[in-house]
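In my numbering, the protein residues as written are 37 to 194.
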Amino acid sequence: KIKDKKEKLSIIASFKDVIGEKDKSTLFMLFAIFFWFVGYQALEALFTVYGVAVLGLTRGGAGGMLLYVALSFLLFAFPAGILGTKIGRKLTIKIGIFLWIISLIVMFIFQNITVISIFFVVCGAGWALININSIVIVWDHLAALDSNIYMPLKKDRG
């Protein structure tokens, strides 16, 4: 454990501290967040190639379609937080994952620009449900954990 709150924390020391915690739910949530972002970035990085090769779009047109995800995320971010508070964060995340899976399946089956555009909006909403609530779950675990690596966040939480 880190004894001095002012001591600069290294990433390795912080990771060891997280691994050493008795409650592993924060560690598992951090891994889940990591893999969600890896999956999302893979979709984002390769969609332009897919849009050009399969849908016949220009690179700009294919890249522009990703705006549907981003704008939808922005529109649904606040409602995602409210929904997470009302029905529970984990259930809200599961709904977001379900929306993502259904959207990706539909977009795979119906390789049509209109269908993909519509379901990118659904993906953005699902991504908001996942992203907003997973960060809050980690934050909520901070109060219960006895680790100095969380001190800056605990201080902000009161």
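C-beta: ideal position from N, C-alpha, C; glycine also.
On a predicted model such as this, the values are computed, not experimentally measured, just so you know.
Inset, instruction - Can you tell me which of the three DSSP states I141 falls into? - result: helix
Legend entry - Sufficient close CB pairs (3 or more, under 8 Å) joining the stretch 133–147 to the stretch 157–164: yes
Legend entry - Euclidean distance between Cα positions of S153 and Y76: Distance from the CA atom of S153 to the CA atom of Y76, rounded to whole angstroms, is 16 Å.
Inset, instruction - Would you tell me roughly how many angstroms separate the C-alpha atoms of I69 and R95, rounded to the nearest one? - result: The straight-line gap from Cα to Cα measures roughly 29 Å.
Legend entry - Distance between beta carbons of V105 and W163, contact taken as under 8 Å: 7 Å
Inset, instruction - From the DSSP output, in three-state form, read off T94 for me. - result: coil
Inset, instruction - Assign I131 to buried or exposed, taking buried as 16 or more other Cβ atoms, counted over all protein chains shown, within 10 Å of its Cβ. - result: Buried, by the Cβ-count rule.
Inset, instruction - Output the distance between the C-alpha atoms of V151 and V142, rounded to the nearest integer angstrom. - result: 8 Å
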